[in-house]
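Undergrad:
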Amino acid sequence: MALRTLATRKTLGELCKFQQQIRGVQTFTLPDLSYDYGALEPAISGEIMQLHHQKHHQTYITNYNKAIEQLDDAMSKGDASTAVKLQSAINFNGGGHVNHSIFWKNLTPVKEGGGEPPHGSLGSAINESFSSLEKLIAKMNAEGAAVQGSGWVWLAVNKELKRLVVETTANQDPLITKGPSLVPLVGIDVWEHAYYLQYKNVRPDYLKNIWKVINWKYASQVYEKECL
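Start counting the sequence shown at 60; every next residue gets the next number (our numbering).
1) Of all the alpha helix (DSSP H) runs that stay within the bounds of the segment 189 to 233, which reach a length of 4 or more residues?
2) Would you decide whether T236 is buried or exposed? Buried here means 16 or more other CB atoms lie within 10 Å of its CB.
3) If you reduce the DSSP assignment to three classes, tell me which class I120 lands in.
4) With H, G and I counted as helix, E and B as strand and the rest as coil, what does DSSP make of P263?
5) Looking at the unbroken beta strand (DSSP E) that takes in L244, where does it start and where does it end?
6) Does the count of Cβ pairs from the segment 158 to 166 and the segment 243 to 251 closer than 8 Å reach three?
7) Nearest-angstrom Cα distance between N124 and I149?
8) Measure the beta-carbon distance from V216 to E285 and round it to whole angstroms, keeping in mind my assumption that it falls under 8 Å.
9) Taking 8 Å as the limit between beta carbons, can you name the residues of its chain near E175, skipping five residues before and five after?
10) The alpha helix (DSSP H) with V272 in it runs from where to where?
11) Mind checking whether N152 and N122 have CB atoms under 8 Å apart?
12) Which class does I81 belong to by DSSP, given the choice of helix, strand or coil?
13) Under a three-way DSSP split, which group does V281 fall into?
14) Considering only the beta carbon of each residue, do G203 and L266 sit closer than 8 Å?
15) Under the three-state reduction of DSSP, which class applies to L110: helix, strand or coil?
16) Cβ of H112 within 8 Å of Cβ of H252?
17) In the DSSP assignment, find the alpha helix (DSSP H) that holds V157 and state where it starts and stops.
18) Three Cβ pairs or more, each shorter than 8 Å: is that satisfied between the segment 130 to 146 and the segment 228 to 235?
Written as structure tokens, this is what we have:
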């Protein structure tokens, strides 16, 4: 059942946008969703979506901005030791922001086309690379379930080779860490915070159901932009 009492994505966006500049370094803000939190039910509950977006993604952004501010300060002082120490926080939280910004676009309500199979050039590429959409989904579900700890499973296009691949990344590593030619088409978050409240930490059940709200139209647009 949709959570009618939850703040809408527009309200949240207004609350979370802080546009200040620190030492001339532009800060990052929480992106608005194109749908309300309860719009992906029953595949993903409104409660999960609110916590995931408002708490987890916002935390990555807050910590990313803080680390960037500290890095700018360290660089201005010529403090190389501190600058090096900050890299892990920048990579982790910056990756969390990048990955989640893609993830929200990869989802859309059923009434707006969520789960509808891809056609056109992406549909043909999936059939060529994986024999069928069903086999691609089975592969991504298996590899996503096998990720040790936390991470992501991706459908990507290798721009250099012009072919589709399935990859996984650990923690909040963005896909580019697996290769500069890889462009994410569909990324699925397999951190516990993406499913624990609804699916009781049973990751395969979450992976099975999330395909009902995958935005293949968005994935197709990215594919056509990068490959055609």
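C-beta: ideal position from N, C-alpha, C; glycine also.
TA: Taking the structure as given:
1) 192 to 205
2) exposed
3) helix
4) helix
5) L241 to D248
6) yes
7) 9 Å
8) 6 Å
9) W275 and K276
10) Per DSSP, V272 belongs to no alpha helix (DSSP H) and is neither H nor E.
11) yes
12) Bear in mind that a pLDDT of 40 at I81, under 50, signals an unreliable position, so the number given afterwards is only what the model happens to contain. In the structure shown, I81 sits in a strand (DSSP, three-state: E or B).
13) helix
14) yes
15) helix
16) no
17) Q146 to K164
18) no
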